[in-house]
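Peer 1:
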Amino acid sequence: MGNFQDEIDKELKRGNEEGTVLSIIFAIIFIAFIILYFMIIIVAGLGAIIGGYYSIKNYILAFKHNVIDSNRKPKVA
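Position in the sequence shown (from 1) plus 558 gives the number in my numbering.
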(Lines of atoms letter the chains of each structure in order from A; the text may use other names.)
(Lines give C-alpha, C1' and ligand atoms only; values in the text may rest on other atoms or scores of the structure.)
Protein backbone atom coordinates (compact mmCIF):
# COMPACT_ATOMS: atom_id res chain seq x y z
CA MET A 559 0.00 0.00 0.00
CA GLY A 560 2.84 2.37 0.84
CA ASN A 561 4.46 1.78 -2.56
CA PHE A 562 1.24 2.69 -4.37
CA GLN A 563 0.95 5.89 -2.30
CA ASP A 564 4.55 6.79 -3.17
CA GLU A 565 3.76 6.49 -6.88
CA ILE A 566 0.73 8.76 -6.49
CA ASP A 567 2.83 11.30 -4.58
CA LYS A 568 5.47 11.28 -7.34
CA GLU A 569 2.84 11.91 -10.02
CA LEU A 570 1.26 14.73 -8.05
CA LYS A 571 4.62 16.39 -7.42
CA ARG A 572 5.57 16.18 -11.08
CA GLY A 573 2.25 17.65 -12.14
CA ASN A 574 2.53 20.43 -9.59
CA GLU A 575 5.95 21.45 -10.89
CA GLU A 576 4.55 21.89 -14.39
CA GLY A 577 1.54 23.71 -13.02
CA THR A 578 3.77 25.96 -10.95
CA VAL A 579 5.76 27.04 -14.00
CA LEU A 580 2.56 27.81 -15.90
CA SER A 581 1.17 29.67 -12.90
CA ILE A 582 4.30 31.81 -12.70
CA ILE A 583 4.14 32.57 -16.43
CA PHE A 584 0.45 33.53 -16.22
CA ALA A 585 1.13 35.63 -13.11
CA ILE A 586 3.92 37.52 -14.90
CA ILE A 587 1.67 38.13 -17.91
CA PHE A 588 -1.17 39.29 -15.65
CA ILE A 589 1.09 41.66 -13.70
CA ALA A 590 2.48 43.05 -16.98
CA PHE A 591 -1.06 43.79 -18.19
CA ILE A 592 -1.92 45.48 -14.89
CA ILE A 593 1.20 47.67 -15.09
CA LEU A 594 0.43 48.49 -18.74
CA TYR A 595 -3.16 49.35 -17.80
CA PHE A 596 -2.08 51.81 -15.11
CA MET A 597 0.52 53.36 -17.43
CA ILE A 598 -2.18 53.92 -20.07
CA ILE A 599 -4.47 55.48 -17.44
CA ILE A 600 -1.68 57.84 -16.33
CA VAL A 601 -0.82 58.86 -19.91
CA ALA A 602 -4.49 59.44 -20.76
CA GLY A 603 -4.98 61.50 -17.60
CA LEU A 604 -1.92 63.62 -18.32
CA GLY A 605 -3.11 64.12 -21.89
CA ALA A 606 -6.51 65.27 -20.64
CA ILE A 607 -4.92 67.71 -18.19
CA ILE A 608 -2.49 69.14 -20.76
CA GLY A 609 -5.15 69.31 -23.48
CA GLY A 610 -7.60 70.94 -21.08
CA TYR A 611 -5.02 73.54 -20.11
CA TYR A 612 -4.32 74.53 -23.71
CA SER A 613 -7.99 74.57 -24.69
CA ILE A 614 -8.86 76.89 -21.78
CA LYS A 615 -5.83 79.07 -22.58
CA ASN A 616 -6.89 79.37 -26.24
CA TYR A 617 -10.49 80.08 -25.24
CA ILE A 618 -9.37 82.95 -22.99
CA LEU A 619 -7.09 84.38 -25.69
CA ALA A 620 -9.87 84.17 -28.30
CA PHE A 621 -12.32 85.83 -25.91
CA LYS A 622 -9.83 88.62 -25.24
CA HIS A 623 -9.19 89.13 -28.94
CA ASN A 624 -12.85 88.99 -30.01
CA VAL A 625 -14.56 90.82 -27.16
CA ILE A 626 -12.13 93.03 -25.30
CA ASP A 627 -9.83 94.17 -28.12
CA SER A 628 -12.68 94.61 -30.62
CA ASN A 629 -14.57 96.97 -28.30
CA ARG A 630 -11.71 99.38 -27.76
CA LYS A 631 -11.93 102.70 -29.46
CA PRO A 632 -9.44 103.01 -32.26
CA LYS A 633 -6.67 105.46 -31.63
CA VAL A 634 -6.55 108.34 -34.06
CA ALA A 635 -3.08 109.09 -35.24
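All C-beta atoms, glycine included, are put in the ideal place defined by N, C-alpha and C. Model, not experiment: these values are computed from the prediction.
Please classify S628: does DSSP put it in a helix, a strand, or coil?
Peer 2: The answer is coil: DSSP assigns S628 none of H, G, I, E or B.
Peer 1: If we ignore side chains and look at the alpha-carbon of each, how far apart do I593 and Y611 end up?
Peer 2: Spanning the two alpha carbons is a distance of roughly 27 Å.
Peer 1: Measuring only the C-alpha atoms, how far is I600 from F621?
Peer 2: Whole-angstrom Cα-Cα distance: 31 Å.
Peer 1: From F596 to F562, what does the alpha carbon distance come to, in whole angstroms?
Peer 2: Approximately 50 Å, taken between the alpha carbons.
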